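Below is one structure, written out as structure tokens; comments come after it.
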Amino acid sequence: MSGRILLVEDNPANQLLAAAVLERDGFEVVVVESAVDALTAIAFRTPDLILMDIQLPEVDGLTLTRQLKADPSTAAIPIVAMSAHAMTVDRDNALEAGCAGFITKPIDTRLFADQVRGYAQLETAEAGS
Ligand code: MN
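Just so we're aligned: the sequence shown equals residues 495 to 623 in our numbering.
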């Protein structure tokens, strides 16, 4: 499965690594570094999956997630949180905000594309049932 991924990430090194791994695997990746830019990108073209850094400047990733999930035009887009904070409470907060899953940073480049594909397929299967 390939697909369009919107990567919301403000760290340049993390942007490059995640985008390179996903593009090598056949995904089309759009990278933005803020909530405002994410909303613009989503309005331009709806992604199949959003990878959401939790720590963003100004509007944080979970606030943006709640905003997208509250809007009927974007609520169906699966969102996977990404954070270096891997405590249970961080995962719980991400799921509570509406995220479909949680990926810990730094990413494991051997597993990352499969993790993303798994979340995308999970959501596709749910949408089709
Ligand atoms: Mn960040």
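Just so it is clear, CB atoms sit at the ideal spot from N, CA and C, and this is done for glycine as well.
These numbers come from a predicted model, not from an experiment.
Report the three-state DSSP secondary structure of residue i (helix, strand or coil).
i	result
GLU522	strand
ILE544	strand
GLY555	helix
LEU510	helix
SER623	Legend: pLDDT at SER623 = 40, less than 50; position of this residue unreliable, no value from coordinates given.
I'd like to confirm the pairing. Which residues does DSSP put opposite residue i in its beta bridges?
i	result
LEU589	Answer by DSSP bridge pairing: none, since LEU589 is not bridged.
ILE597	MET576
VAL502	VAL526, MET546
Ignore the nearest five residues each way along the sequence and tell me which others in residue i's own chain have a CB closer than 6 Å to its CB.
i	result
ARG585	PHE596
SER623	A caution first: SER623 carries a pLDDT of 40, below 50, which makes its placement in the model unreliable, though a value can still be read off. Around SER623: no qualifying Cβ.
GLU527	ASP504
LEU543	ILE499, PRO572, ALA614
ALA578	LYS599
Any heavy atom of the ligand GDP closer than 7 Å to the Cβ of residue i?
i	result
ALA614	Although the ligand GDP was asked about, the structure shown includes only the ligand MN as ligands.
Using a Cβ-Cβ cutoff of less than 7 Å, which residues in the same chain neighbour residue i once the five nearest sequence positions on both sides are dropped?
i	result
GLN609	ILE597
GLY592	THR559, ARG560, LYS563, ILE573
Which residues in the same chain have their Cβ closer than 8 Å to the Cβ of residue i, if we skip the five residues on either side of it in sequence?
i	result
ARG518	ALA607
Practice problem: Output the residues surrounding the ligand MN, defined as those with a CB atom closer than 7 Å to any ligand heavy atom, in chain order. | Solution: A Cβ closer than 7 Å to some heavy atom of the ligand MN marks a residue here, and those residues are GLU503, ASP504, ASN505, ASP547, GLN549, LEU550.
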